[in-house]
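A.B. asks:
Shown next, in the form of structure tokens:
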């Protein structure tokens, strides 16, 4: 984008809004630097991690623990999801071990299908997996924005089961509110 030069400049005093499903982690962690590097752009991005440092939020605790182990590296959504995968598989294997010491991958899938996990407080949000839900329904999702000129970050949308176990019906600021996407309503799920 930087190399586009004058060809990518909006009219004076305006910015180009850009939404990214997978914004680079540095954009998210250093919003003021992002605003300075791209003064012609207002960046919006999707994340499944809570945008707060609320200590009740499992993701906030995960990021603290991650930094203790990995130092300056930052935990992103992929790291949190990987951590949750290991946690859920470990829970299933613990349940399977008394019956068999030779646990196979298909055994894990069958156990999740038959018994499932519910209200699992994962680093990537509250998770539920079972015979009907092959991916977590109503997974928390946020749309964040990095504003110009200073890089202030705001949350525009919070939907799904949020860290405090709330599941809002609507997003936005009254009077301009909109229904949260729901599984089975023709909206994207995940």
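Numbering (my numbering), first residue to last: 23 to 212.
Even glycine gets a Cβ: it sits at the ideal position worked out from N, Cα and C.
1. Closest to residue 141 by CA distance: which of 159, 66, 36 is it?
2. Taking the C-alpha atoms as reference points, what is the distance between residue 202 and residue 122?
3. Buried or exposed for residue 212, going by 16 or more other Cβ atoms inside 10 Å?
4. Exposed or buried, residue 46, counting other C-beta atoms within 10 Å across all chains shown (16 or more means buried)?
5. Do residue 162 and residue 138 have their CB atoms nearer than 8 Å?
6. Could you check what DSSP says for residue 103 in three-state terms: helix, strand or coil?
7. Less than 8 Å between the beta carbons of residue 34 and residue 68, yes or no?
8. Determine the closest residue to residue 110 out of 59, 151, 125, with distance taken between C-alpha atoms.
9. Taking the alpha-carbon positions, what's the residue 38 to residue 63 distance?
10. Run the CB neighbour count on residue 36, radius 10 Å, all protein chains shown included, and call it buried at 16 or more, exposed below.
11. Are the Cβ atoms of residue 149 and residue 106 separated by less than 8 Å?
12. For residue 209, collect the residues of the same chain with a Cβ closer than 7 Å to its Cβ; drop the 5 residues on either side in sequence, then sort them by chain order.
13. Take every Cβ of the segment 82 to 97, pair it with every Cβ of the segment 52 to 66, and state whether three or more of those distances are shorter than 8 Å.
14. Report the rounded CA-to-CA distance for residue 70 versus residue 187, giving the unit in angstroms.
15. Can you give me the start and stop residues for the alpha helix (DSSP H) that residue 92 sits inside?
C.D. replies: Answer, in terms of the structure:
1. 159
2. 43 Å
3. Model confidence at residue 212 stands at a pLDDT of 39, short of 50, so the residue's coordinates are unreliable; what they give is reported in the following sentence. Its Cβ having fewer than 16 others within 10 Å, residue 212 is exposed.
4. With fewer than 16 neighbouring CB atoms inside 10 Å of its own CB, residue 46 falls in the exposed class.
5. It is not a contact, given that the beta carbons lie outside the stated cut-off.
6. Helix at residue 103.
7. no
8. 151
9. 5 Å
10. It is exposed - the Cβ of residue 36 has fewer than 16 other Cβ atoms within 10 Å.
11. Here residue 149 is near residue 106, since their CB atoms are less than 8 Å apart.
12. Bear in mind that the predicted position of residue 209 carries a pLDDT of just 46, short of 50, making it unreliable; the figure below should be weighed with that in mind. So the list reads 203, once near-sequence residues are dropped.
13. no
14. Separation of residue 70 and residue 187 (C-alpha to C-alpha, rounded to the nearest whole angstrom) is 14 Å.
15. Its alpha helix (DSSP H) spans residues 80 to 92.
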